[in-house]
Amino acid sequence: MSEQLATFLTGLAIIAGFIFLIVVHEFGHYIVAKISNIKVTDFFVGFGPKLWTFKKGETTYGIAAIPLGGYVKMAGSDVLDDEDKSIDDERGLAKASLTKKIFIIMAGSTMNIVVAFILLSIVAGFYGITVPTTKVAGTTKGLPAEKALLKGDKIIRINDKKIRDWKTLSSEIKRHREKKIAIEIVRKKQNISLTLKTVIKDNEAIIGIWPQQKKVRNLTFAESIKSGANAVYFFGSTVTILIYKGITGQSSEIVKGSTSIIGAVAIGATTTETVLEYLGFIGMISLALAYINLVPLPPLDGGRAAIYVFEKVIGRPLKKNAIIGIMAFGLALVLLLMIYLVGKDIFIIATNRSFY
1 MSEQLATFLT
11 GLAIIAGFIF
21 LIVVHEFGHY
31 IVAKISNIKV
41 TDFFVGFGPK
51 LWTFKKGETT
61 YGIAAIPLGG
71 YVKMAGSDVL
81 DDEDKSIDDE
91 RGLAKASLTK
101 KIFIIMAGST
111 MNIVVAFILL
121 SIVAGFYGIT
131 VPTTKVAGTT
141 KGLPAEKALL
151 KGDKIIRIND
161 KKIRDWKTLS
171 SEIKRHREKK
181 IAIEIVRKKQ
191 NISLTLKTVI
201 KDNEAIIGIW
211 PQQKKVRNLT
221 FAESIKSGAN
231 AVYFFGSTVT
241 ILIYKGITGQ
251 SSEIVKGSTS
261 IIGAVAIGAT
271 TTETVLEYLG
281 FIGMISLALA
291 YINLVPLPPL
301 DGGRAAIYVF
311 EKVIGRPLKK
321 NAIIGIMAFG
331 LALVLLLMIY
341 LVGKDIFIIA
351 TNRSFY
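Here it is, written out as structure tokens:
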């Protein structure tokens, strides 16, 4: 199989993974609404023209033409539709308690977190306990190793020092601050000598490589579960900090690198070479979908929940014009961000460079 075909098929697998995560997210809303005895009228994967539908009980299920989202429609959920007579339905969302509304809204992200936890626990279990080796797993763009070293290269000597493990390799690089170092590697059974100059980043000398890992032992079931939970917590706290810094203007990290669906597919297609890497990638995307949806900005789930809480605090529903204004403002922000991120990633892919 050619490299281009493999990348294309991996890209399709990543897109299929996105669609799966959308179904999972919407199923979370659906199942909690059903459990809460809220009438669900529609459950669709995708937007736009309807390609396939069927009705079971009171719910119409189907697939729409554009598989970049999905929706669950409940009776009484569209307070902006004057023609929607279900607003007065006793089993409608409008009549539900605040607790039920919050549980239903949060269920989508909760399902994504659960799926991510399961996937990352599986990945951790199969990867096991690993130690870094002297083989190159990859290089960092813009740093000295990028054009000199390849994935799979084994570093066996730096200057006159024989390299047997990653600790020795790392310490030898750090000792030579902004100096040229002679590196001997093994590439496809051939010894090759190179010269690189270290650079300083975060007050340490580096050349821009990260190591391949060697498995020492398998994780126990309990260790796998703990590892999956740690990954969920770590990623969640990191995303929360980035979003906070982005909102407060303290950092632009939230929009650096590849950040849209197009960028994520491009990254996944070129970096996921095994089933475990694919599962791990989908797990991380599932977490990203979960946490981003919790941002209190309409029309995201967190924004809808914030409106419900605000209505409870003031003791009455918001007026229709107020909701329209809030939704329009939030939607405009989300769309502008999406246009920027997609445009940036298309630019990066087309020109093989970044805005930054």
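Under the working numbering, the first residue of the sequence shown carries the number 1, and numbering increases by one thereafter. Yeah, the Cβ is synthetic: ideal placement off N, Cα and C, and Gly gets one too. Since this is a predicted model, take the numbers as computed values, not measurements.
Identity of the residue in 31, 26, 134 and 32 nearest residue 214 by Cα: 134
Can you list the beta strand (DSSP E) stretches of 3 or more residues lying completely in the segment 165-200, in chain order? 180-187 and 190-197
Quick check on DSSP: helix, strand or coil for residue 312?
helix
Exercise. Since residue 308 and residue 102 are thought to touch, with beta carbons under 8 Å apart, how far apart are those beta carbons, to the nearest angstrom?
Worked result: 7 Å
*Within the segment 77-142, note down every full alpha helix (DSSP H) run reaching 4 residues or more, in order along the chain.*
98-127
Close-in-space but distant-in-sequence residues of the same chain around residue 216 (CB under 8 Å, 5 per side omitted): 128, 129, 130 and 131
Bridge partners of residue 205, per DSSP?
200
Counting pairs of beta carbons, one from the segment 168-187 and one from the segment 100-117, are three or more of them closer than 8 Å? no
Can you tell me where the beta strand (DSSP E) holding residue 65 begins and where it ends? 59-74
### Message
Measuring only the C-alpha atoms, how far is residue 181 from residue 207?
### Response
10 Å
Which residue or residues does DSSP assign as beta-bridge partners of residue 155?
185
**Request:** Out of 48, 232, 170 and 218, state which residue places its alpha-carbon closest to the alpha-carbon of residue 204.
**Result:** 170
Classify residue 97: buried if its beta carbon has 16 or more other beta carbons within 10 angstroms, exposed otherwise. exposed
- Task: Give me the Cα-Cα distance between residue 267 and residue 278, rounded to the nearest whole angstrom.
- Result: Unreliable positioning characterises residue 267 in this predicted model, as indicated by a pLDDT of 47, which lies under 50. The coordinate reading is nonetheless provided below. Between residue 267 and residue 278, the C-alpha separation is close to 11 Å.
| said: Please report the distance separating the alpha-carbon of residue 291 from that of residue 236. | reply: 7 Å
### Buried versus exposed call for residue 55 [16 or more other C-beta atoms within 10 Å across all chains shown]
exposed
Determine the DSSP secondary structure at residue 39, reduced to helix, strand or coil. coil
7 Å CB neighbourhood of residue 148 in its chain, flanking five on each side removed: 194 and 196
Test item: CB-CB of residue 286 and residue 125 under 9 Å = no
How many angstroms separate the CA atom of residue 141 from the CA atom of residue 94? 52 Å
| said: Within a Cβ cutoff of 7 Å, which residues of the same chain sit near residue 327, ignoring the five residues on either side of it in sequence? | reply: 298 and 299
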